[in-house]
Amino acid sequence: MRSRDSDPDVPVPVSDRVTARPGLRWYPSVAAARLAGPPLPREATFWLTLEGSLTRALRQRCRERFAVHIITEGFQTPARDERRRLDLPERQVAWVREVQLCGDGRPWVLARTVFPLSTLNGPERRLRHLGRQPLGAFLFRDGRWQRDPFEAGVIQGTPRHDPRLARRSCFRAGEERILVSEFFYGRLLDHHHERFNP
Ligand SMILES: C=C(O[C@@H]1C=C(C(=O)O)C=C[C@H]1O)C(=O)O
Numbered sequence: 001m002r003s004r005d006s007d008p009d010v011p012v013p014v015s016d017r018v019t020a021r022p023g024l025r026w027y028p029s030v031a032a033a034r035l036a037g038p039p040l041p042r043e044a045t046f047w048l049t050l051e052g053s054l055t056r057a058l059r060q061r062c063r064e065r066f067a068v069h070i071i072t073e074g075f076q077t078p079a080r081d082e083r084r085r086l087d088l089p090e091r092q093v094a095w096v097r098e099v100q101l102c103g104d105g106r107p108w109v110l111a112r113t114v115f116p117l118s119t120l121n122g123p124e125r126r127l128r129h130l131g132r133q134p135l136g137a138f139l140f141r142d143g144r145w146q147r148d149p150f151e152a153g154v155i156q157g158t159p160r161h162d163p164r165l166a167r168r169s170c171f172r173a174g175e176e177r178i179l180v181s182e183f184f185y186g187r188l189l190d191h192h193h194e195r196f197n198p
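For the sequence shown, my numbering gives the first residue as 1, with consecutive numbering after it.
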């Protein structure tokens, strides 16, 4: 498994992962999260339901530079709820990529993508070698990949600037599918998206 990509601009601990954080609860939709979960910041709906590429939306909000910071990439056994969404057998490994999408040197989104082994054939072989190229550049390029509706995640009991909200959905292309989970850091949620700056 490749370790963290050294990037002096983004001084964040490698352990900064939220997938297993105890305070994380998933809801079937943003509406369900609003009904049953704690009050959500006004900006939550914008980011949790944003259609199209999140990368593109974040790039538009950067003053200087956007960067993908690799936290880890490698073969792992996905979490149980991830295996369930991808219909993977109990012990099957998958290719897992965790990155931070950073604007002007600060992490804005922690993204975790689970690629079943069956997806990594043919042209999708390159998905194991994305490096600092954002996954969105590949998924939104040719309309082959369609996205399922979002689930909304709420992380309670977390420090203000850590990820507090999340979304996840499957991208599908024929029989292939990948699960993309995106965790939004507080600094993205605390600013009105039109006037957002880090
Ligand atoms: C799916 C997209 O790609 C983004 C970039 C990712 C990556 O580079 O690993 C993962 C998920 C997304 O936040 C997107 O831009 O919407």
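Every residue, glycine too, gets a C-beta built ideally from N, C-alpha and C.
Query: Local Cβ density within 10 Å of Q100, reported as buried at 16 or more and exposed below that; Result: buried
Query: Distance cut-off 7 Å: E182 Cβ against heavy atoms of ligand 1; Result: yes
Query: Alpha-carbon spacing of P107 relative to E82, whole angstroms; Result: 24 Å
Query: P123 burial status per 10 Å Cβ neighbour count (16 or more: buried); Result: exposed
Query: Other residues of its chain near R34: CB distance less than 7 Å, five sequence neighbours each side excluded; Result: L40
Query: Those residues which DSSP pairs with C62 across a bridge; Result: Paired residue(s): none; C62 is not in a bridge.
Query: Through-space distance from G174 to A67, alpha-carbon basis; Result: 30 Å
Query: Short Cβ contact (8 Å threshold) for F183 with L130; Result: no
Query: Identified DSSP bridge partners for G103; Result: F66 and R106
Query: First through last residue of the beta strand (DSSP E) which encompasses G153; Result: E151 to I155
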